[in-house]
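The structure under discussion appears below in the form of structure tokens.
Protein chains in written order, with my numbering: chain A, 1 to 318; chain B, 319 to 878.
Structural data, given as structure tokens:
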């Protein structure tokens, strides 16, 4: 777990104090934070009875999300009163929730509710999809779920991307969506999916940041690990939530066939993006040490590849 | 009823119909997450010219087109009130003519009959003869097609550009006086327009500027003569004129009251000769009531006549010779259309990728009325008007241009929207199995082949559940002699449906390194070069997006 600068340290200390003071889960987290101070990462796994009906899966997704965030110290740890929060799911494809090509809408809806409960002024939801945004937003179920929670569903305006100084190894300048960067908090909430990239056979948190970028993003694929590390460093992730209620195990990232979808009934949350990506790899049956984006993220100090070294809380939710 | 009231009633009806036309247009492109409703076709279903052309050219009568008989029936009783009261293009011309009249003095010359008004009947004759031979060019001149096409390809995109780029220019430039920022006024308005009006992504169309120009000229011609288009060109007007010859609603100008002031002629948009007692032209008159209103002597009036007595009216004097010439012209035009290798089906144009469900080319052309409805409902702007790709015969018919947009896998809107069945209304499942083309790599450009770089953007986007693009890891030697493993993509021709998303997203923005052509299209057996059933390829046949199982097992779908 990296504390690189004095400012980071101060911020964390302030956050910790704030979380202690504000969190309604203070009592519960006393036992949860037994390792040291704040929890870095939580993994909530469903151990209740098997859910098969759509309503059951919806309830399960909501509960897992809530538990994972609460165990992390509650949303108050990240959201202050009056904040504008941008929730960045993966809404890349015009697919249905059960096809697991987009983030689970109920995970997104729960995060919106938690943000408002923590005092957020405005919660916005948006992505830069590969398929037409209107269709992907509607069919992924995210538009309806987010609107039901009173979030603003933003269709990115192709006119409004602005070239920003990324200052990375590979990416120096790139068009990024200002409204996202200007938010007080960006919650990165991807779905775990297979991908056929030679150097990134999966997609999770780091790759989800491609959705804040405009321009000819495709060319990042020629050398994906440094590009993803660059955009991650630029975005300075504070909270990532990994949706593994359903994961896509093949023909990713667009999928389509239910034969490639696997129910994992798991939601993980954390402050360490590399750790969560390592977990995502494991969920897909990959060894994180063989994943170039995870390794490079670790080497560049963006996070800890061996997530078990972190203050980790694994929850059984029923 | 008082003539002034009738005029106002007409204006209200005209405004309401034009508004309805605009609303249906808007709904067609914004209701993306639902299937297009039949009501979007309303105006085309009321168009008897479309009915006749489809019947003659394709020997088919789509049942809903029988609605247009209402228009013919109404015309037989009321005359061309359709032109004067209903037609939205007529209303646009009406407004332009009104401007013209405000700009200059109304003179009887503007309302004087001209023999050139017969031209529209000759045009109609030529188009109908052409249709008999299976070449339907009705849509080029049909007023609804003309207006709808112009709106889709030019007027609406132009409006959207103006609003979006205007607001963005103010946002970026941020002009302000002290603490007063112009953008504080424009941004809320812009946000409102984006979330309530311009819901669809921006579009741009090939030939959009040509179509824009044609529309502007058609409107500007009102300054030469009021309702120029309706008087001289409109074949639907001509058809209705023929049905209006014995209409029961008739104009009378009393010869012993008329003072020959010719004021009625000056305001007649149709040049129907109200000023000449006994020589009124029922084939031209729009029933607009302008003449009745302006007549101070109260000599001019409308009234219903007996169906058994002919009105005392002027003659159109259609020349038999000219009629024969125009019919010969229709045949000549048809032959000219067909004198191309493509029309003779000796070759297929690789760039002519038709929307999924499009009939065989000849049958497709017999039905397509170039209205642009399919282009309006297409969510990716993929459907574009042809210019020369389908020959002159296929002018402004839809084709898919993958560089601009792609056929969205989960969409079948174009076929559902087509008013004439030129594109079959395929179910979504059937559409997913309809092949419209085939992708192929240009290995002299493709990054993993030509430049030793990994890419797979095309593979990533391929929407088929079992992707039509697969990869083979290949060791390539770089310039410095070192080797590198590169993931090279290939197309499985037994799976590819030619949707074009691969070409659309290829990082090469000028000339993509993977391109889709019309090869393998389902509708033409002769255009299918690939023998199916070879070992080593995925030949599972048509793919089911959900695999073998029903995702809901019969339970209610929670997301619909």
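Here a beta-carbon is modelled for each residue, glycine too, at the ideal position from N, C-alpha and C.
- At the C-beta level, residue 292 (chain A) and residue 199 (chain A) come within 8 angstroms of one another.
- In the structure shown, residue 847 (chain B) adopts coil according to DSSP, grouped into three states.
- Interface flag for residue 49 (chain A) against chain B is unset, since no Cβ pair is found closer than 8 angstroms.
- Residue 813 (chain B) places its beta carbon 8 angstroms or farther from that of residue 645 (chain B).
- Taken atom to atom, the span from the alpha-carbon of residue 587 (chain B) to that of residue 604 (chain B) is near 8 angstroms.
- Chain-order list of chain B residues neighbouring residue 221 (chain A): 765, 771, 772, 773, 774, 775, 778 and 825, by C-beta distance under 9 angstroms.
- Nearest CB-CB separation between residue 134 (chain A) and chain B: below the 8 angstroms threshold.
- A distance below 8 angstroms between beta-carbons, with the five flanking residues on each side excluded, links residue 689 (chain B) to the following residues of its chain, in chain order: 362, 457, 460, 462, 463, 466, 467 and 737.
- Apart from the 5 residues on each side of it in sequence, residue 501 (chain B) sits with its Cβ closer than 7 angstroms to the Cβ of 488, 489 and 492 in its chain, given in chain order.
- Bridge pairing for residue 785 (chain B): absent [DSSP].
- In the structure shown, the three-state DSSP call for residue 85 (chain A) is strand.
- Per DSSP, the unbroken alpha helix (DSSP H) holding residue 647 (chain B) starts and ends at 638-656.
- For residue 782 (chain B), the closest of B:816, B:381 and B:760 by C-alpha to C-alpha distance is B:816.
- Taken atom to atom, the span from the alpha-carbon of residue 843 (chain B) to that of residue 671 (chain B) is near 15 angstroms.
- At least one CB of chain B lies nearer than 8 angstroms to the CB of residue 218 (chain A).
- Around the CB of residue 652 (chain B), 16 or more other CB atoms lie within 10 Å, so the residue is classed as buried.
- A Cβ-Cβ distance of about 18 angstroms is found for the pair residue 752 (chain B) and residue 668 (chain B), leaving them out of contact under the 8 angstroms criterion.
- For residue 486 (chain B), the chain A residues whose Cβ falls inside 9 angstroms of its Cβ are 157, 159 and 160, in order along the chain.
- From the beta-carbon of residue 812 (chain B), no residue of chain A is found nearer than 7 angstroms; the closest lies around 16 angstroms away.
- Counting along the chain, residue 762 (chain B) sits inside no beta strand (DSSP E), nor does DSSP assign it H or E at all.
- Taking a contact as a CB-CB distance under 8 angstroms, the pair residue 266 (chain A) and residue 239 (chain A) does not count as one, their CB atoms being some 17 angstroms apart.
- Residue state for residue 227 (chain A) is assigned as helix, using DSSP reduced to three classes.
- Residue 557 (chain B): member of the alpha helix (DSSP H) spanning 553-561, first to last residue.
- Here residue 127 (chain A) really is in contact with residue 211 (chain A); their C-beta atoms are around 4 angstroms apart, less than 8 angstroms.
- Around the beta carbon of residue 221 (chain A), 16 or more other beta carbons lie within 10 angstroms, which makes this residue buried.
- Annotation note: the stretch 731-780 of chain B contains the following uninterrupted beta strand (DSSP E) runs of length 3 or greater, listed N- to C-terminal: 756-759.
- With distances taken between CA atoms, residue 344 (chain B) lies nearest to B:695 out of B:507, B:695 and B:771.
- According to DSSP, residue pairing for residue 46 (chain A) in a beta bridge involves A:317.
- Of all alpha-carbon atoms in B:716, B:517 and B:453, the one lying nearest the alpha-carbon of residue 478 (chain B) is that of B:517.
- A Cβ-Cβ contact shorter than 8 angstroms links residue 705 (chain B) with residue 525 (chain B).
- Pairwise C-beta distances place the stretch 821-829 of chain B out of contact with the stretch 725-742 of chain B, as fewer than three of them are shorter than 8 angstroms.
- In the three-state DSSP reduction, residue 196 (chain A) falls in the strand class (E or B).
- Residue 230 (chain A) sits away from residue 190 (chain A), with the two beta carbons spaced by 8 angstroms or more.
- When 8 angstroms is used as the limit between beta carbons, residue 351 (chain B) is near these residues of chain A: 134, 135, 138 and 139, in chain order.
- In the DSSP annotation of this structure, the continuous segment of the beta strand (DSSP E) that includes residue 174 (chain A) starts and ends at 173-176.
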